[in-house]
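This report concerns only the one structure given below.
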Amino acid sequence: MSVSQLVRQLDLRNKDALDKVFAKQKFDAVIHFAGLKAVGESVHKPLIYFDNNLIGTIILFQVMAAHGCKKLVFSSSATVYGWPKEVPCTEEFPLKTTNPYGRTKLIIEEMCRDLHGSDSDWKIILLRYFNPVGAHPSGFIGEDPRGIPNNLMPFVQQVAVGRLPALTVFGNDYKTCDGTGVRDFIHVVDLADGHIAALRKLDDPKIGCEVYNLGTGKGTSVLEMVKAFEKASGKKIPLSMGDRRPGDAEIVYASTNKAEKELNWKAKHDIHDMCRDQWNWASKNPYGYGKSGDSSK
Ligand code: UD1
304 MSVSQLVRQL DLRNKDALDK VFAKQKFDAV IHFAGLKAVG ESVHKPLIYF
354 DNNLIGTIIL FQVMAAHGCK KLVFSSSATV YGWPKEVPCT EEFPLKTTNP
404 YGRTKLIIEE MCRDLHGSDS DWKIILLRYF NPVGAHPSGF IGEDPRGIPN
454 NLMPFVQQVA VGRLPALTVF GNDYKTCDGT GVRDFIHVVD LADGHIAALR
504 KLDDPKIGCE VYNLGTGKGT SVLEMVKAFE KASGKKIPLS MGDRRPGDAE
554 IVYASTNKAE KELNWKAKHD IHDMCRDQWN WASKNPYGYG KSGDSSK
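The sequence shown begins at 304 in our numbering and counts up one residue at a time.
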């Protein structure tokens, strides 16, 4: 079996299988994206999150170390800033999480700092994602959540294609321009480019364990985002105003100075590009990678 076939079927918690992959192929570095990410689910089923995200990561690090591969890019999240006291969030802000999913991100960040502290051969970049949205401009690759989407833009997309009747806006009494929550939405292609920049940075002999925000530095409200999507798609998104979602922060957006200066990376796409590419994916694949009526997809 080829390495790519082995990897496609692999669960990080299966140490023997992971070891075989590293034995078969020498890797210069690992980008570690594997993890569960639904905040609400993590509150109800924390052990699944600890098992999958933490145990999987520990085993990955053990196997990497055993095979002398000590360069890593890890997908962390802006969730580690909790409800920030001020914005933009800089990488030095105090860290706090409000749910088990976020806790796994923070624990893995701390594990990485300890790993580098114990052995300076480890070169690690932690990327704190803000709110990734959009799709590949080809329309072939996009997000396809199982069940009812938790996140704003996959939900909006499913309303636009007629799979869901209306978007519930979680709170319109925040102290923001229109009362709705403000986030830093970033195009997935910019996010992907951020990983390439991080991989390049790992070649810098001075790098230890560093953290960078991946965002645009701009805040956009829920209603502004919905309007941008309506414009891109030509579809009306019916809205109903609901209560605040527990655990949601009011305004979260990134300071991008550190990534711009040290990674030489800056997001290029605005919310109109994000909505255009997301609609392109949605209109070509209204049921994602599954078929119409397949509720498991
Ligand atoms: C959440 C997680 C974050 C995770 C990210 C991507 C927290 C608090 N949030 O970010 O860690 O990395 O998802 O998976 O840990 N909204 C609605 N109606 C909806 C859905 C969302 O109004 O149906 C609003 C929310 O209240 C929020 C904004 O849209 O103001 C963005 O929500 P969402 O897309 O879920 O992302 P976050 O909560 O910011």
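By construction, the Cβ of each residue, glycine as well, lies at the ideal position given by its N, Cα and C atoms. Bear in mind that the values here come from a model prediction, so they are computed numbers and not experimental data.
Close beta carbons around residue i, own chain, < 8 Å, minus the five adjacent residues each side
i	result
Arg547	Phe473, Gly474, Asp476 and Tyr477
Ile361	Met414
Lys600	Only weak support is given to the placement of Lys600: the predicted model assigns it a pLDDT of 42, under 50, and the question is left unresolved by the model.
Lys504	Ile428, Ile510, Glu513, Glu565 and Leu566
Residue i classed as buried or exposed, judged by whether at least 16 other C-beta atoms fall within 10 angstroms
i	result
Ile411	buried
His572	buried
Ile489	buried
Cys480	exposed
Leu494	buried
Phe458	buried
Lys388	exposed
Asp331	exposed
Ile499	exposed
For residue i, three-class secondary structure by DSSP
i	result
Ser558	coil
Thr523	strand
Glu565	helix
Ile451	coil
Tyr384	helix
Val529	helix
Arg548	coil
Phe364	helix
Phe330	coil
Tyr432	strand
His490	strand
Ile444	coil
Ser423	coil
Thr471	strand
Leu315	coil
Endpoints, the alpha helix (DSSP H) within which residue i is located
i	result
Gln457	A small fix is needed here, since residue 457 is Pro in this sequence, not Gln. First-last of the alpha helix (DSSP H) with Pro457: Leu455 to Ala463.
Leu350	Pro349 to Tyr352
Leu309	Val306 to Arg311
Residue range of the beta strand (DSSP E) that includes residue i
i	result
Asn402	Unbroken run through Asn402: none, as it is neither H nor E.
Lys587	Not the beta strand (DSSP E): Lys587 falls in the alpha helix (DSSP H), residues Ile574 to Lys587.
Ser543	Leu542 to Gly545
Glu513	Cys512 to Leu517
Thr393	No beta strand (DSSP E) holds Thr393; DSSP gives it neither H nor E.
Residues of its chain near residue i, where Cβ-Cβ distance is below 7 Å and the 5 sequence neighbours each way are ignored
i	result
His575	Ala531 and Ala535
Asn434	Arg486, Asp487, Phe488 and Ile489
Val324	Val306, Leu309, Val310 and Leu313
Ile358	Arg316
Gln461	Pro452 and Leu467
Gln328	Val306
Cβ neighbours of residue i in the same chain (closer than 6 Å, five flanking residues each side left out)
i	result
Ser345	Tyr352, Asn402, Pro403 and Tyr404
Asn355	Leu339
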